[in-house]
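Working notes, structure below.
Next up, the structure:
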């Protein structure tokens, strides 16, 4: 199955160092299995004049190229990146470190404005998410095994966040909410620029951050109603669908699309 008639990229495409537009980069089945025959991710490393948008299709959870490096890291003119792993790939026998490595090598330049991820199979995402200080639009779809999100709430420029099909995700933030924490402490820097939040088909999602108490005797009776909820100072649009276990909503929501 190809994309727009493409089943792979021609070997040697990395020699076109002056190319500025390459909307799609399709990884072939043979290349992903380490048999060569078409261009791999390593050939992207020399195409540092690319600008605008780049879509990479059919990534695998095991990096078969020994010399792949970080082919996207120096692409300072690239503003939009779409990363799609192979849908339905069985990762049960794949070591979790190998899965994370398949995302680690795709670290983009910090100038990136938009990132969309499809079908990534890791329990957690790569640490480079924290370096996306200019990211405005982030979409994570079909990452069925994801249990931990990076600290997205600290991204200063993030205005739009879409989370869909994260079937194992229970909490959006790794921070813990405690009844002993002040409202001011709980609200500091929590999604400071976020205007749009869409969450759908996350069936076990319970809340923004997990409840925590130092009093173990009363921990079983601690109600989420007694805990401070995050405040979203700029949020104007919130859509939630298919999240039956989500029991708390953020403060400061306003606008006609809630």
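Numbering (full-length UniProt numbering), first residue to last: 1 to 258.
Each residue gets a CB set at the ideal place from its N, CA and C atoms; glycine is no exception.
Please read these numbers as outputs of a predicted model, since none were measured by experiment.
Return the CA-CA distance between residue 148 and residue 78, expressed in angstroms with no decimal places.
The residue you call residue 148 lines up with position 148 of the chain shown. The residue you call residue 78 lines up with position 78 of the chain shown. Near 27 Å, if we compare the C-alpha coordinates of residue 78 and residue 148.
Could you tell me which whole alpha helix (DSSP H) segments of length 4 or greater appear in the segment 68-131?
96-104
Whole-angstrom Cβ separation of residue 23 and residue 53, contact assumed at under 8 Å?
As a working mapping, residue 23 is identified with position 23 in the chain shown. As a working mapping, residue 53 is identified with position 53 in the chain shown. The Cβ separation is near 6 Å, so the contact holds.
With three or more C-beta pairs closer than 8 Å as the rule, is the segment 97-104 touching the segment 41-48?
no
Endpoints, beta strand (DSSP E) assigned at residue 18:
Numbered from its first residue, the chain shown carries residue 18 at position 18. Boundaries for residue 18: no beta strand (DSSP E) harbours it, and the DSSP string shows neither H nor E there.
Cα-Cα separation, residue 196 to residue 140
Walking along the chain shown from the start, residue 196 turns up at place 196. Walking along the chain shown from the start, residue 140 turns up at place 140. For residue 196 and residue 140, the distance between alpha carbons rounds to 14 Å.
Report the three-state DSSP secondary structure of residue 14 (helix, strand or coil).
For the purposes of this step, residue 14 is taken as the residue at position 14 of the chain shown. When secondary structure is reduced to three states using DSSP, residue 14 falls in the helix class.
Simplified DSSP state of residue 41, which is helix, strand or coil:
In the chain shown, counting from the first residue as 1, residue 41 sits at position 41. It is helical.
So what's residue 239 in DSSP terms, helix, strand or just coil?
By one-based count along the chain shown, residue 239 stands at place 239. Residue 239 carries a strand assignment under DSSP once its states are collapsed to helix, strand and coil.
For residue 234, is the classification buried or exposed, using 16 other Cβ atoms within 10 angstroms of its Cβ as the cut-off for buried?
In the chain shown, counting from the first residue as 1, residue 234 sits at position 234. So residue 234 ends up on the exposed side.
Near residue 157, what residues of its chain come up, given a Cβ to Cβ distance below 7 Å and the 5 sequence neighbours on each side ignored?
Position 157 of the chain shown, counted from the start, is the residue given in the question as residue 157. These residues qualify, in order along the chain: 133, 134, 135, 136 and 193.
From the DSSP secondary-structure annotation, give me the bridge partner or partners of residue 54.
Along the chain shown, one-based indexing puts residue 54 at 54. DSSP output for residue 54 lists 81 as bridge partner(s).
Pick from 150, 200, 146 and 130 that is closest to residue 163, judged by C-alpha positions
As a working mapping, residue 163 is identified with position 163 in the chain shown. Considering only alpha carbons, the answer is 200.
Counted within 10 angstroms of its Cβ, other Cβ atoms place residue 242 as buried (16 or more) or exposed
Sequence index remark: in the chain shown, residue 242 carries index 242 (1-based). Exposed, by the Cβ-count rule.
Can you find the residues in the same chain that come closer than 6 Å, C-beta to C-beta, to residue 267, ignoring five residues on each side of it along the sequence?
Only positions 1 to 258 of the chain appear in the structure, and residue 267 is not among them; the question remains open.
Could you tell me the alpha carbon to alpha carbon distance between residue 82 and residue 125, rounded to whole angstroms?
One-based indexing of the chain shown puts residue 82 at position 82. One-based indexing of the chain shown puts residue 125 at position 125. Looking at the two C-alpha atoms, the distance is approximately 15 Å.
Separation of residue 173 from residue 180, as counted between CA atoms:
Position 180 of the chain shown, counted from the first residue, corresponds to residue 180. Position 173 of the chain shown, counted from the first residue, corresponds to residue 173. For residue 180, the predicted model reports a pLDDT of 45, less than 50, meaning its position is unreliable; a value from the coordinates is still stated below. Distance between the alpha carbons of residue 180 and residue 173 is about 18 Å.
Please classify residue 39: is it buried, with 16 or more other beta-carbons within 10 angstroms of its beta-carbon, or exposed?
Translated into positions along the chain shown, residue 39 becomes position 39. By the 10 Å Cβ count, residue 39 comes out buried.
Taking DSSP's pairing of strands, which residues face residue 207 in a bridge?
As a working mapping, residue 207 is identified with position 207 in the chain shown. Per DSSP, 171.
Under 8 Å by Cβ, that's how I've got residue 65 and residue 20 pegged, so tell me the actual separation to the nearest angstrom.
Within the chain shown, residue 65 is the residue found at index 65, counting from 1. Within the chain shown, residue 20 is the residue found at index 20, counting from 1. 24 Å between Cβ atoms; not a contact.
One question on the structure: do residue 123 and residue 168 come within less than 9 Å of each other, judged by their Cβ atoms?
One-based indexing of the chain shown puts residue 123 at position 123. One-based indexing of the chain shown puts residue 168 at position 168. Cβ atoms of residue 123 and residue 168: closer than 9 Å.
With DSSP collapsed to three states, give me the class of residue 163.
Position 163 of the chain shown, counted from the first residue, corresponds to residue 163. It is a strand residue.
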